[in-house]
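According to UniProt numbering, the residues represented by the sequence shown are 1 to 318, in order.
In what follows, a structure is listed as structure tokens, so that the remarks can point back to it.
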Amino acid sequence: MKLSVPVSKQVIDPSLDVPTNNNHLHLHAPPKEKVVVVIGATGTGKSRLSIDLATRFPAEIINSDKMQAYRGLDITTNKITDEESCGVPHHLLGIIDPESDFSAASFRAMASVSLQSILSRGRLPIIAGGSNSFIEALIDANFRSKYDCCFLWVDVAMPVLDSFVSNRVDKMVERGMVDEVRDFFKPNADYTKGIRRAIGVPEFDLFFQVESFSDEETRARILAEAIDKIKMNNSKLARRQLEKIHRLRNMKGWKMHRLDATAVFRKRSAEAELAWEELVAGPGAAVVRRFLYNLEPVVFGGRKVLRHRVPLMAAASH
Numbered sequence: 001m002k003l004s005v006p007v008s009k010q011v012i013d014p015s016l017d018v019p020t021n022n023n024h025l026h027l028h029a030p031p032k033e034k035v036v037v038v039i040g041a042t043g044t045g046k047s048r049l050s051i052d053l054a055t056r057f058p059a060e061i062i063n064s065d066k067m068q069a070y071r072g073l074d075i076t077t078n079k080i081t082d083e084e085s086c087g088v089p090h091h092l093l094g095i096i097d098p099e100s101d102f103s104a105a106s107f108r109a110m111a112s113v114s115l116q117s118i119l120s121r122g123r124l125p126i127i128a129g130g131s132n133s134f135i136e137a138l139i140d141a142n143f144r145s146k147y148d149c150c151f152l153w154v155d156v157a158m159p160v161l162d163s164f165v166s167n168r169v170d171k172m173v174e175r176g177m178v179d180e181v182r183d184f185f186k187p188n189a190d191y192t193k194g195i196r197r198a199i200g201v202p203e204f205d206l207f208f209q210v211e212s213f214s215d216e217e218t219r220a221r222i223l224a225e226a227i228d229k230i231k232m233n234n235s236k237l238a239r240r241q242l243e244k245i246h247r248l249r250n251m252k253g254w255k256m257h258r259l260d261a262t263a264v265f266r267k268r269s270a271e272a273e274l275a276w277e278e279l280v281a282g283p284g285a286a287v288v289r290r291f292l293y294n295l296e297p298v299v300f301g302g303r304k305v306l307r308h309r310v311p312l313m314a315a316a317s318h
């Protein structure tokens, strides 16, 4: 049975090597509730990391990907499957009417309700998704006066990410993406509203318009062009997202813990799994552990261990 540990309490993880004979240790309850935010460009592994963290800490995930918030088009919007979720509760995932507009203001209001609900159960909210404008709207709305935030940035070198995103689109097509979008197709649809804005929907419009009366060669050519356009638009999206992350870090001063997953994407199978743990999941969990339990790395007995941070005034009083 999995025990739920309220993250707002000062609880030392028993797996940590923490010296107990330090007379200067003073435990202070954190003044704010704590929230973890996982960001990164499309395809970098944000969802995977958020689930990894939620299986190591008592946590629930709030989706901040605007297209994944809509109902339907699960393959096209790359929603995680029930199996991939590992039983971790997800909020704001596949709940919005696909014909409606889901604005940053709507996300801010709904995410705030979900966040309070998670905290009321003594669990850690993890906000994860690629819509950085949504996250920015939430954080800018007096958020930091109420919550202490830890930002994890999963990063992948762009040439490597381009290749992965291209292959991912091919796999989505193999899983039935074309049929999924066809079932959603409407002639003269408005691709500026609702879920139809998602990459992978407007690109197929011409194909669906002509497939019923075109010859096989023409259909194949138009379909291939649509798929290539989806790949190109995903790569453009990744670059816009990366630019936004740099702006949030450099201009707004968001302190981000960068986790470089590039080497993971260059490996296969078991080697990739080991690299993910070593380069992303393990370091990410260590950052969150220090964040939750107010720990800092120190050298003790010739090796690095973790201890509670000591407020300067408290340390100076001894």
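C-beta atoms are modelled at their ideal positions from N, C-alpha and C, and glycine is treated no differently.
Predicted model only: the values in this text are computed from it and were never measured.
How big is the Cα-Cα spacing for residue i and residue j?
| i | j | result |
| --- | --- | --- |
| PHE204 | ALA105 | 30 Å |
| SER227 | LEU119 | The amino acid at residue 227 is misidentified as Ser; the sequence shows Ile. For ILE227 and LEU119, the distance between alpha carbons rounds to 42 Å. |
| GLY176 | SER50 | 26 Å |
| GLU84 | GLU271 | 20 Å |
| SER114 | LYS229 | 36 Å |
| THR192 | LEU295 | 47 Å |
| ALA59 | VAL288 | 11 Å |
| CYS86 | THR218 | 43 Å |
| ALA54 | ASN188 | 42 Å |
| ARG71 | ILE95 | 5 Å |
| VAL201 | MET232 | 14 Å |
| ASP52 | ILE135 | 20 Å |
| VAL210 | MET158 | 35 Å |
| VAL154 | ASN63 | 16 Å |
| VAL181 | ASN167 | 19 Å |
| ILE222 | ASP215 | 11 Å |
| ALA238 | HIS90 | 23 Å |
| ASN250 | GLU243 | 10 Å |
| LEU259 | ALA281 | 9 Å |
| GLN241 | TYR293 | 31 Å |
| HIS257 | GLU174 | 35 Å |
Considering only C-alpha positions, which residue in the set the options is nearest to residue i?
| i | options | result |
| --- | --- | --- |
| MET172 | THR76, LYS186 and ARG144 | THR76 |
| VAL35 | GLY72, ASN78, SER117 and LYS66 | SER117 |
| GLY194 | PRO98, ILE39, ILE51 and GLY40 | PRO98 |
| LEU93 | ILE127, ALA238 and LEU119 | ILE127 |
| LYS66 | LEU274, MET158 and ARG197 | ARG197 |
| LYS146 | ARG289, GLY253, THR262 and GLU33 | GLU33 |
| PRO125 | ARG249, GLU278 and ASP148 | ASP148 |
| SER47 | LEU292, GLY284, PHE208 and PHE185 | GLY284 |
| SER131 | VAL38, ARG56 and PHE57 | VAL38 |
| ARG108 | ARG247, LEU138 and GLY129 | LEU138 |
| residue 324 | THR42, ALA275 and ALA141 | Because residue 324 is not part of the residues shown, which for the chain are 1 to 318, the question remains open. |
| LEU248 | SER133, ARG268 and ALA220 | SER133 |
| GLY253 | ARG123, GLU225 and ASP140 | ASP140 |
What first and last residue would you give for the alpha helix (DSSP H) that runs through residue i?
| i | result |
| --- | --- |
| PHE291 | 282-293 |
| LEU161 | 158-174 |
| PHE134 | 132-140 |
| PHE151 | Where PHE151 is concerned, there is no enclosing alpha helix (DSSP H), although the beta strand (DSSP E) it sits in stretches over 147-155. |
Which residue marks the beginning of the beta strand (DSSP E) containing residue i, and which one marks its end?
| i | result |
| --- | --- |
| ASN78 | Premise fails: ASN78 is in no beta strand (DSSP E) and is neither H nor E. |
| ILE95 | Counting along the chain, ILE95 falls outside any beta strand (DSSP E), and DSSP gives it neither H nor E. |
| LYS128 | One detail in the question is off: residue 128 reads as Ala in this sequence, not Lys. Residues 124-128. |
| LEU53 | Note, LEU53: premise wrong, no beta strand (DSSP E); alpha helix (DSSP H) at 46-54. |
So, helix, strand or coil for residue i, using DSSP?
| i | result |
| --- | --- |
| VAL88 | coil |
| MET313 | Per-residue confidence for MET313 stands at a pLDDT of 32, beneath the threshold of 50, marking its modelled position as unreliable; no derived number is given. |
| LYS267 | coil |
| ASP65 | coil |
| ALA111 | helix |
| ARG41 | It is Ala, not Arg, that sits at residue 41 in the sequence shown. If DSSP states are grouped into helix, strand and coil, ALA41 belongs with coil. |
Residue ranges of each alpha helix (DSSP H) run of no fewer than 4 residues wholly in the segment 186-262, ordered along the chain?
205-210 and 216-250
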